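The structure appears right after this line, and notes come after that.
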Amino acid sequence: MAKNNNGTQLNLAGRIAAYFIDSKLTLLIIALALLAGLMAMMVTPREENPRIVVPAANIIVAKPGASPVEVEQLIVKPLEAILQGMNGVEHTHGLALDSLGVVNVQFYVGENKEDSLVKLYDRIMSNLDRLPSGARQPLIKPVDVDDVPILTISLSSDTLDDRRLRAVATDLLEELRRIEETSVSYLHGGRKRQINVGLDLERMRRYNVTLLDIRRVLEATNLDIPSGTLVNRNTVSTVTAGAFLRSAEDVRELVVALSAHRPVYLRDVAAITDGPGELDNLHRIGYGPAFQGERGGDLEAGAVTLAIAKRAGTNAVTVADNVLAELARLRPQLVPPEVKVNVTRNDGARADDAVNTLLEHLGIAIATVVALLVAFLGWRAASIVTITIPLILFITLSVGMAAGQSINRITLFALILSLGLLVDDSIVVIENIYRHYAKKGAERLNSVVQAVNEIGRPTNLATFTVIVAFLPMLWVTGMMGPYMGPIPFNVPVAMITSLAIAYTVAPWAAYRWLKPGSTHAEEHMPGWLERGYSALMTRLLQRRGARYGFVLGIVALMLAVLALPAVDGVLFRMLPKNNTNTFNVTVDMPEGTSLEETDRVVRLAGEQRAQRLGHLFRPDAGESGLFAQHFDAVFDGVGAVGVVGVDQVGGFGKHLGAQFPGNLAQLFVIRSV
Numbered sequence: 001m002a003k004n005n006n007g008t009q010l011n012l013a014g015r016i017a018a019y020f021i022d023s024k025l026t027l028l029i030i031a032l033a034l035l036a037g038l039m040a041m042m043v044t045p046r047e048e049n050p051r052i053v054v055p056a057a058n059i060i061v062a063k064p065g066a067s068p069v070e071v072e073q074l075i076v077k078p079l080e081a082i083l084q085g086m087n088g089v090e091h092t093h094g095l096a097l098d099s100l101g102v103v104n105v106q107f108y109v110g111e112n113k114e115d116s117l118v119k120l121y122d123r124i125m126s127n128l129d130r131l132p133s134g135a136r137q138p139l140i141k142p143v144d145v146d147d148v149p150i151l152t153i154s155l156s157s158d159t160l161d162d163r164r165l166r167a168v169a170t171d172l173l174e175e176l177r178r179i180e181e182t183s184v185s186y187l188h189g190g191r192k193r194q195i196n197v198g199l200d201l202e203r204m205r206r207y208n209v210t211l212l213d214i215r216r217v218l219e220a221t222n223l224d225i226p227s228g229t230l231v232n233r234n235t236v237s238t239v240t241a242g243a244f245l246r247s248a249e250d251v252r253e254l255v256v257a258l259s260a261h262r263p264v265y266l267r268d269v270a271a272i273t274d275g276p277g278e279l280d281n282l283h284r285i286g287y288g289p290a291f292q293g294e295r296g297g298d299l300e301a302g303a304v305t306l307a308i309a310k311r312a313g314t315n316a317v318t319v320a321d322n323v324l325a326e327l328a329r330l331r332p333q334l335v336p337p338e339v340k341v342n343v344t345r346n347d348g349a350r351a352d353d354a355v356n357t358l359l360e361h362l363g364i365a366i367a368t369v370v371a372l373l374v375a376f377l378g379w380r381a382a383s384i385v386t387i388t389i390p391l392i393l394f395i396t397l398s399v400g401m402a403a404g405q406s407i408n409r410i411t412l413f414a415l416i417l418s419l420g421l422l423v424d425d426s427i428v429v430i431e432n433i434y435r436h437y438a439k440k441g442a443e444r445l446n447s448v449v450q451a452v453n454e455i456g457r458p459t460n461l462a463t464f465t466v467i468v469a470f471l472p473m474l475w476v477t478g479m480m481g482p483y484m485g486p487i488p489f490n491v492p493v494a495m496i497t498s499l500a501i502a503y504t505v506a507p508w509a510a511y512r513w514l515k516p517g518s519t520h521a522e523e524h525m526p527g528w529l530e531r532g533y534s535a536l537m538t539r540l541l542q543r544r545g546a547r548y549g550f551v552l553g554i555v556a557l558m559l560a561v562l563a564l565p566a567v568d569g570v571l572f573r574m575l576p577k578n579n580t581n582t583f584n585v586t587v588d589m590p591e592g593t594s595l596e597e598t599d600r601v602v603r604l605a606g607e608q609r610a611q612r613l614g615h616l617f618r619p620d621a622g623e624s625g626l627f628a629q630h631f632d633a634v635f636d637g638v639g640a641v642g643v644v645g646v647d648q649v650g651g652f653g654k655h656l657g658a659q660f661p662g663n664l665a666q667l668f669v670i671r672s673v
């Protein structure tokens with residue numbers, strides 16, 4: 001074991017201090033820590049919450065002509081039985097529609113996503129024989145949390161109909177999809193363009209034309225088939241036969257039959273119009289009294305919403321800002337002046353606000369710690385300990401960036417939680433250096449090394465005891481495991497970093513900044529706090545009765561605290577109540593309810609609260625959010641209303657229920673988002 005100049009044997013802490021106290025590497029470490037921390041602050045993705053990997057997928061099977069009951073018995077239930085026997089599957093959800101069955105399978109949290117999807121595909125393909133005859137090939141579509149839109153932009157107009165509004169939104173979305181780091185994107189609302197063929201049965205009988213004839217012609221002519229190649233003068237050209245139908249005029253000129261040796265055109269037996277498709281959903285945007293964006297003249301307006309998600313591992317703040325900047329550039333070119341544009345959801349801004357709020361609290365906590373250090377250690381010692389705080393935090397963030405962590409609420413909570421512990425090691429080192437400086441005739445370099453050497457073992461033990469206290473959180477299972485994962489990761493990293501900084505930077509700075517004989521808390525008369533503590537400990541050490549009473553008092557207080565949950569003195573919950581001001585109300589009407597009736601109830605639900613408290617609300621009828629990203633489906637009895645900018649969510653359920661009589665109030669499901 002190494003020795004210092006006084007012949008004292010040095011332990012690990014003493015050897016580290018002896019090496020770095022007069023080394024140029026120490027200053028280099030400080031500079032690198034600051035640069036790495038600043039880079040981590042700028043580069044590390046920002047999110048509101050930690051990313052939780054829950055492998056899931058939708059298995060979609062079509063069986064044309066089958067009723068929902070047949071789909072349930074022949075497709076959904078057999079698929080669920082096949083999937084529930086797989087290793088790693090937590091649960092399944094089935095949905096039976098006309099001619100279509102959907103089974104959603106969710107694996108346990110923490111299961112490898114790629115391996116789970118491979119197992120799922122293999123399981124489905126090896127059991128195709130259990131599907132009924134006439135069923136189409138199963139379509140397996142993964143469900144990823146990163147497919148959830150972080151940004152929604154609603155286009156509305158008092159003059160344009162939903163078809164033209166959707167055309168504008170389609171052109172705009174095609175351009176926004178080109179932005180780097182964007183992922184899944186889709187449109188919500190509006191009717192698509194289609195060619196409508198209205199058959200005239202009387203004319204069809206006159207010309208002896210059947211529905212099958214018309215269908216066969218439409219299918220056969222709306223094709224573009226490769227038909228080989230043409231070589232001419234050393235040039236090879238691809239030859240295609242046929243062409244896609246592009247306009248109503250193309251459809252009108254189709255020959256569907258012959259009558260009296262003359263061609264019968266489709267226009268002779270049908271009315272062809274180029275117009276919107278069938279109305280199967282209604283999507284609007286409404287304005288509350290606190291709304292400050294672009295609004296039309298009416299309370300509500302038809303709308304089409306663009307939904308854009310980000311790629312996995314990217315910064316939600318940066319992606320949202322890039323999309324909005326590109327939207328501002330494209331708007332004069334693609335969006336007519338009469339179209340209003342409003343951002344109805346921006347998770348990037350929410351994440352940035354949440355992170356910035358916690359950064360402010362982190363700054364307040366640091367300032368509080370510094371003020372206490374100055375009050376009890378003196379300004380020289382406090383300045384040294386203060387220097388170590390940003391170094392520890394920057395190194396911790398750098399390690400998190402290298403490990404693929406993001407900056408989120410739980411990450412910053414872990415840093416705030418550990419802040420009071422981070423300065424302990426440096427305070428102990430500085431205090432012992434002061435004590436050695438008080439010895440007359442002591443050589444400064446040896447005094448610093450000897451001071452660190454003396455407290456090395458107990459400081460190591462105290463630090464690793466704190467680390468061990470947080471390690472059990474690594475074994476938390478379920479959804480809370482990855483959600484709370486940043487705490488058992490960042491706190492131990494911060495504690496180990498604080499120990500290393502206390503043995504390297506603190507002695508280096510103390511050797512250059514602290515002076516023997518400088519003013520310190522030990523050098524002036526004890527204050528009221530020291531005198532009170534001394535009197536208490538003297539009484540406890542000298543009187544047995546006082547000791548017993550003190551211990552019994554502590555035990556009684558501990559038992560009283562443990563009894564608080566039994567008397568509802570303390571309410572236990574995994575997470576605090578969500579303080580978000582945005583929520584969705586899902587409306588599940590009785591089976592058979594028309595689209596118009598569902599729309600009426602949904603609009604009333606939005607108006608009841610948004611008109612009183614909200615900024616805006618977005619009523620939808622005929623669409624379900626459960627599978628909306630993966631296939632088109634119409635649900636006449638399903639609707640939803642999203643309310644944005646509400647100050648108080650708590651009493652909304654009671655208020656909404658009071659506005660609807662009977663069992664209708666039980667149809668609402670309120671959920672913060």
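Residue numbers (full-length UniProt numbering): 1 to 673.
Here a beta-carbon is modelled for each residue, glycine too, at the ideal position from N, C-alpha and C.
Note that the structure is a prediction, hence the values are computed from the model and not measured.
{"Check": "Considering V561, what are the terminal residues of the alpha helix (DSSP H) in which it resides?", "Outcome": "R544 to A563"}
{"Check": "Would you list, in sequence order, the uninterrupted alpha helix (DSSP H) runs of no fewer than 4 residues that lie entirely inside the region 401-433?", "Outcome": "409-422"}
{"Check": "Could you tell me which residues DSSP puts in a beta bridge with P142?", "Outcome": "A57"}
{"Check": "Assuming F244 is part of the alpha helix (DSSP H), what are its boundary residues?", "Outcome": "Per DSSP, F244 belongs to no alpha helix (DSSP H) and is neither H nor E."}
{"Check": "Candidates N234, T238, A220 and E219: which alpha carbon is nearest I228's?", "Outcome": "One point to set straight first is that residue 228 is Gly, not Ile, in the sequence displayed. Comparing Cα positions, the closest option is T238."}
{"Check": "Is S406 buried or exposed, if buried means 16 or more other CB atoms sit within 10 Å of its CB?", "Outcome": "buried"}
{"Check": "Could you give the residue range of the alpha helix (DSSP H) that holds R262?", "Outcome": "Element bounds for R262: not the alpha helix (DSSP H) but the beta strand (DSSP E), R262 to Y265."}
{"Check": "Kindly indicate which three-state DSSP category D161 falls into: helix, strand or coil?", "Outcome": "coil"}
{"Check": "Going by Cα to Cα distance, which pick from I455, W475, L422 and L419 is closest to H436?", "Outcome": "I455"}
{"Check": "Label I272 either buried or exposed according to how many other C-beta atoms from any shown protein chain fall within 10 Å of its C-beta, with 16 as the threshold for buried.", "Outcome": "buried"}
{"Check": "Pair every Cβ in the region 158-172 with every Cβ in the region 79-94, then say whether three or more of these pairs are closer than 8 Å.", "Outcome": "no"}
{"Check": "Taking all protein chains shown into account, decide if H283 is buried (16 or more other Cβ within 10 angstroms of its Cβ) or exposed.", "Outcome": "buried"}
{"Check": "Indicate the three-state DSSP secondary structure (helix, strand or coil) for R345 in the structure shown.", "Outcome": "strand"}
{"Check": "Using DSSP's beta-bridge definition, name the partner residues of H188.", "Outcome": "T305"}
{"Check": "Please identify the residue among I30, I52 and F20 whose C-alpha is closest to the C-alpha of Y483.", "Outcome": "I52"}
{"Check": "Give me whichever residues DSSP pairs with W194 in a beta bridge.", "Outcome": "In the sequence as displayed, the identity of residue 194 is Gln instead of Trp. G275."}
{"Check": "Check the Cβ-Cβ distances between N408 and every residue of chain B, and say whether any is below 8 Å.", "Outcome": "Judged by its chain identifiers, the structure shown contains no chain B, having just a single protein chain."}
{"Check": "Considering only the beta carbon of each residue, do V319 and I195 sit closer than 8 Å?", "Outcome": "no"}
{"Check": "Under three-state DSSP, which class holds R178?", "Outcome": "coil"}
{"Check": "What is the DSSP secondary structure of G456, counted as helix, strand or coil?", "Outcome": "helix"}
{"Check": "Determine the extent of the beta strand (DSSP E) in which I153 is found, giving its start and end residues.", "Outcome": "L151 to S156"}
{"Check": "For the alpha helix (DSSP H) holding S116, just list the boundary residues, first then last.", "Outcome": "K113 to M125"}
{"Check": "Based on DSSP bridge pairs, tell me the residues matched to I487.", "Outcome": "In DSSP, I487 forms no bridge with anything."}
{"Check": "Just the C-alpha distance for L211 and L100, rounded to the nearest angstrom, thanks.", "Outcome": "25 Å"}
{"Check": "For V452, which of T504, R409, K439 and L417 has the nearest alpha-carbon?", "Outcome": "T504"}
{"Check": "Along the beta strand (DSSP E) that carries E90, what are the first and last residues, could you check?", "Outcome": "V89 to L97"}
{"Check": "Have a look at E47 and A316 and give me their C-alpha separation to the nearest angstrom.", "Outcome": "6 Å"}
{"Check": "Going straight from the alpha carbon of residue 700 to that of S116, what length do you get?", "Outcome": "Because the chain here runs from 1 to 673, residue 700 falls outside it and cannot be looked at."}
{"Check": "Identify the continuous beta strand (DSSP E) that holds V339 and give its terminal residues.", "Outcome": "Per DSSP, V339 belongs to no beta strand (DSSP E) and is neither H nor E."}
{"Check": "Measure the alpha-carbon distance for A546 versus Y108 and round it to whole angstroms.", "Outcome": "55 Å"}
{"Check": "Does the beta-carbon distance from L393 to A382 come in below 8 Å?", "Outcome": "no"}
{"Check": "Which same chain residues, not among the five before or five after A506, have their C-beta less than 7 Å away from its C-beta?", "Outcome": "I384, T388, S426, V429 and I430"}
{"Check": "Find out if the Cβ-Cβ distance for the pair N49, R345 is shorter than 8 Å.", "Outcome": "no"}
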